[in-house]
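Take 999 as the starting number for the sequence shown in the working numbering and just add one per residue.
Idealized CB from N, CA, C, for every residue including glycine.
Some notes on the structure that comes next.
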Amino acid sequence: MDIRSEFGQRVQELRTRSGMTQEMLAYRAGLDRTYISGVERGERLILL
């Protein structure tokens, strides 16, 4: 498993544990829901 997949799984785990939808997380982060979805699937990496 690569870093993108591991990171995405962790984001999804924390998001669902917090009771947030992808839309809610995207709104709070100032990102698009499809971007959050891509991060969770390991297709995109959040740049800091």
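Review point. How about L1043 and R1013: are their beta carbons less than 8 Å apart?
Key: Stepping through the sequence shown from its first residue, residue 1043 is reached at position 45. Stepping through the sequence shown from its first residue, residue 1013 is reached at position 15. No.
Check your understanding: Between G1006 and the rest of its own chain, which residues show a CB-CB distance below 7 Å, the 5 nearest in sequence each way excluded?
Key -> Along the sequence shown, one-based indexing puts residue 1006 at 8. Within the same chain, G1006 has close Cβ partners V1037, E1038, R1039, G1040.
Review point. Where does S1016 sit, in a helix, a strand or coil, going by DSSP?
Key: Indexing the sequence shown from 1 puts residue 1016 at position 18. Three-state result, S1016: coil.
Review point. Buried or exposed: where does L1046 fall if 16 or more other Cβ atoms within 10 Å of its Cβ makes it buried?
Key: Counting from one through the sequence shown, the residue named residue 1046 turns up at place 48. Per the 10 Å Cβ criterion, exposed.
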